[in-house]
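Novice: Here it is, the structure, as structure tokens.
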Amino acid sequence: MKLPIKTPANTDAGNVTAPVQFDEPFRPDLIARAVLSLQAGARQPYGAYPEAGKRASSKVSRRRRDYRGSYGFGISRVPRKVLNRRGTRMYYVGAFAPGTVKGRRAHPPKSWKNWEQKINEKENRKAIRSALAASLDKKIVAARGHKLPPSFPFILSDEFETLTKTKEVVAAFEKLGLALELERASEKKIRAGKGKMRGRRYKKTKGPLVVVSANETKLALAARNVPGLNLVAVDSLNCELLAPGTHAGRLTLFTARAIQRLADERLFMNDYKGARVEPAPLVEKKAAPAKTVKPATPKTAKPPAKKGESA
793 MKLPIKTPAN TDAGNVTAPV QFDEPFRPDL IARAVLSLQA GARQPYGAYP EAGKRASSKV
853 SRRRRDYRGS YGFGISRVPR KVLNRRGTRM YYVGAFAPGT VKGRRAHPPK SWKNWEQKIN
913 EKENRKAIRS ALAASLDKKI VAARGHKLPP SFPFILSDEF ETLTKTKEVV AAFEKLGLAL
973 ELERASEKKI RAGKGKMRGR RYKKTKGPLV VVSANETKLA LAARNVPGLN LVAVDSLNCE
1033 LLAPGTHAGR LTLFTARAIQ RLADERLFMN DYKGARVEPA PLVEKKAAPA KTVKPATPKT
1093 AKPPAKKGES A
């Protein structure tokens, strides 16, 4: 598939062929599985205090005719704590057991539970390729609610990676016909439910995703203050960025260098071996200096003692 290259002035700068990663069939089930795996891995464990509800001095003897026993009174044999007594008559209430006042919970959440959901590496790469293919499908992207220009899909020229001002980024996107999309992405509303009291007061709309060749580009600093706009390096793509909420078809704009790197390095393909890490140069160890051994000085032997003489 041939894709036109657009400059910040909305002029054509040639064409580029979409890499093989964009030929993957649309698999929403795999995309949802990959997104849920990422979200589960980022979940914070929680749990109750292990000794909660177990610190009450509660005990009931289960021996007949024993002190503080429950036999013969027509009551259940749950653990109880004594509030007051008169002789052997106890006024006690249930404690410690689940269902009692200040008792423990039957099956509380455990803080050591592992929330991670594993996914095969090839399955995850196939899901990313499927989400990449969906990001260039005009029907799928429009069905997600994005306001698309008539010329979509297209590729951004390398001049976008050199933009240094936020107003330059906004002006360039408006010239490309994305003014309505930026306006839609700037909307936020108060969340319904308890989440607004827990640090999640506002819900924000997901806007365009810009994919660049590397994180060190000037565009990364210039575009970070645009509401709803996300920017990511091409080798850091994942399904949660391409399909927020497991729904594929996010409006994604690639730069020409990102497309070139995607094709040259065969990112997210089954034969991709990961980023090459250059080994550190070996440092030759210096030999320890040889120890100088001083020659032993010969001791003068004492003359043998004669008989009858003390040594």
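So the sequence shown is numbered by my numbering: it starts at 793 and just counts up by one.
Ideal Cβ placement from N, Cα and C applies to all residues, glycine included.
Model, not experiment: these values are computed from the prediction.
From ARG856 to TYR863, what does the alpha carbon distance come to, in whole angstroms?
Specialist: Within the sequence shown, numbered from 1, the residue matching residue 856 stands at position 64. Within the sequence shown, numbered from 1, the residue matching residue 863 stands at position 71. Roughly 6 Å between the two C-alpha positions.
Novice: Look at ALA1040 and LEU1023 and say whether their C-beta atoms are less than 7 Å apart.
Specialist: Locating residue 1040 in the sequence shown gives position 248, where the first residue counts as 1. Locating residue 1023 in the sequence shown gives position 231, where the first residue counts as 1. Not in contact: ALA1040 and LEU1023 (Cβ atoms no closer than 7 Å).
Novice: First and last residue of the alpha helix (DSSP H) that includes PHE965?
Specialist: For the purposes of this step, residue 965 is taken as the residue at position 173 of the sequence shown. 958–967 is the span of the alpha helix (DSSP H), which, as asked, contains PHE965.
Novice: What is the DSSP secondary structure of PRO820, reduced to helix, strand or coil?
Specialist: Counted from its first residue, the sequence shown places residue 820 at position 28. The answer is helix: DSSP assigns PRO820 an H, G or I state.
Novice: How would you write the range of the beta strand (DSSP E) that ALA805 sits in, first residue to last?
Specialist: Looking up residue 805 in the sequence shown gives position 13. It spans 804–809 - the beta strand (DSSP E) in which ALA805 sits, taken as one unbroken run.
Novice: Please report how far the alpha carbon of GLU908 lies from the alpha carbon of LYS1077, in whole angstroms.
Specialist: Taking the sequence shown and counting its residues from 1, one reaches residue 908 at position 116. Taking the sequence shown and counting its residues from 1, one reaches residue 1077 at position 285. In a straight line, the C-alpha of GLU908 is about 44 Å away from that of LYS1077.
Novice: Would you mind stating whether PHE1060 and ARG917 have Cβ atoms separated by less than 7 Å?
Specialist: Translated into the one-based positions of the sequence shown, residue 1060 becomes position 268. Translated into the one-based positions of the sequence shown, residue 917 becomes position 125. The answer is yes: Cβ separation under 7 Å.
Novice: Below 8 Å CB to CB, which residues in the same chain sit around TYR883 once its five sequence neighbours on both sides are set aside?
Specialist: Along the sequence shown, read from residue 1 onward, the residue named residue 883 stands at position 91. Closer than 8 Å at the Cβ level, and outside the excluded window around TYR883, lie VAL874, LEU875, ASN876 and ARG877.
Novice: For a test of the three-state rule: what should DSSP assign to LYS995, helix, strand or coil?
Specialist: Within the sequence shown, the letter at position 203 stands for residue 995. Three-state DSSP puts LYS995 in a strand.
Novice: What span of residues does the beta strand (DSSP E) with LEU1023 cover, start to end?
Specialist: By one-based count along the sequence shown, residue 1023 stands at place 231. Counting along the chain, the beta strand (DSSP E) containing LEU1023 begins and ends at 1022–1025.
Novice: Write down every uninterrupted run of the alpha helix (DSSP H) in the stretch 915–939 whose length is 4 residues or greater and which is fully enclosed by it, in chain order.
Specialist: Counting whole runs of 4 or more residues, the stretch 915–939 contains the alpha helix (DSSP H) stretches 930–935.
Novice: Distance check for PRO796 and PHE814, CA to CA, integer angstroms please.
Specialist: Counting from 1 along the sequence shown, the entry for residue 814 is found at position 22. Counting from 1 along the sequence shown, the entry for residue 796 is found at position 4. Approximately 15 Å between the Cα atoms of the pair.
Novice: LYS939 and ARG897 - do their beta-carbons sit closer together than 7 Å?
Specialist: Translated into positions along the sequence shown, residue 897 becomes position 105. Translated into positions along the sequence shown, residue 939 becomes position 147. Not a contact, by the Cβ cut-off of 7 Å.
Novice: Are the beta-carbon atoms belonging to GLY999 and GLY1020 less than 7 Å from one another?
Specialist: Here residue 999 refers to the residue found at position 207 of the sequence shown. Here residue 1020 refers to the residue found at position 228 of the sequence shown. Result yes, Cβ atoms of GLY999 and GLY1020 sit closer than 7 Å.
Novice: In chain order, which continuous runs of the beta strand (DSSP E) of length 3 or greater are located wholly inside the stretch 1008–1056?
Specialist: For the stretch 1008–1056, whole beta strand (DSSP E) runs of length 3 or above, ordered along the chain, are 1022–1025 and 1044–1046.
Novice: Looking at the unbroken alpha helix (DSSP H) that takes in ARG869, where does it start and where does it end?
Specialist: Indexing the sequence shown from 1 puts residue 869 at position 77. From DSSP, ARG869 is part of no alpha helix (DSSP H); its letter is neither H nor E.
Novice: How long is the line joining the alpha carbons of TYR859 and LYS851, rounded to whole angstroms?
Specialist: Position 67 of the sequence shown, counted from the start, is the residue given in the question as residue 859. Position 59 of the sequence shown, counted from the start, is the residue given in the question as residue 851. Going by the C-alpha atoms only, they are around 11 Å apart.
Novice: Flag this pair as yes or no: are the beta carbons of ALA1014 and LEU924 separated by less than 7 Å?
Specialist: Numbered from 1 along the sequence shown, position 222 holds the residue referred to as residue 1014. Numbered from 1 along the sequence shown, position 132 holds the residue referred to as residue 924. No.
Novice: Per the DSSP calculation, VAL885 is bridged to which residue(s)?
Specialist: Along the sequence shown, one-based indexing puts residue 885 at 93. According to DSSP, VAL885 bridges with LYS873.
Novice: Tell me which same chain residues have a C-beta within less than 8 Å of the C-beta of GLY1030, skipping the five on either side of it?
Specialist: Walking along the sequence shown from the start, residue 1030 turns up at place 238. What sits at residue 1030 in the sequence shown is Asn, not Gly. ALA826, LEU830 and ILE920, listed in sequence order.
Novice: If we count the other Cβ atoms within 10 Å of its Cβ and call it buried at 16 or more, is PHE865 buried or exposed?
Specialist: Start at 1 with the first residue of the sequence shown, and residue 865 comes out as number 73. When all chains shown are included, PHE865 counts as exposed.
Novice: Leaving out the 5 sequence neighbours to the left and right, which residues in its chain are closer than 6 Å to PRO800 when beta-carbon positions are compared?
Specialist: The residue labelled residue 800 in the question sits at position 8 within the sequence shown. So the list reads GLU951 and ALA964, once near-sequence residues are dropped.
Novice: Where do the ends of the beta strand (DSSP E) carrying LEU795 lie?
Specialist: As a first step, residue 795 must be located in the sequence shown, where it is residue number 3. Here the beta strand (DSSP E) through LEU795 covers 794–798.
Novice: Quick one: what's got a C-beta closer than 8 Å to ARG854's C-beta in the same chain, skipping five residues either side?
Specialist: Here residue 854 refers to the residue found at position 62 of the sequence shown. Correct list, in chain order: GLY861, SER862, TYR863 and ARG869.
Novice: Is it the case that the Cβ atoms of ALA1048 and ILE947 are separated by a distance below 7 Å?
Specialist: Residue 1048 sits at position 256 when you count from the first residue of the sequence shown. Residue 947 sits at position 155 when you count from the first residue of the sequence shown. Result yes, Cβ atoms of ALA1048 and ILE947 sit closer than 7 Å.
Novice: Kindly indicate which three-state DSSP category SER853 falls into: helix, strand or coil?
Specialist: Your numbering for residue 853 matches position 61 in the sequence shown. Strand.
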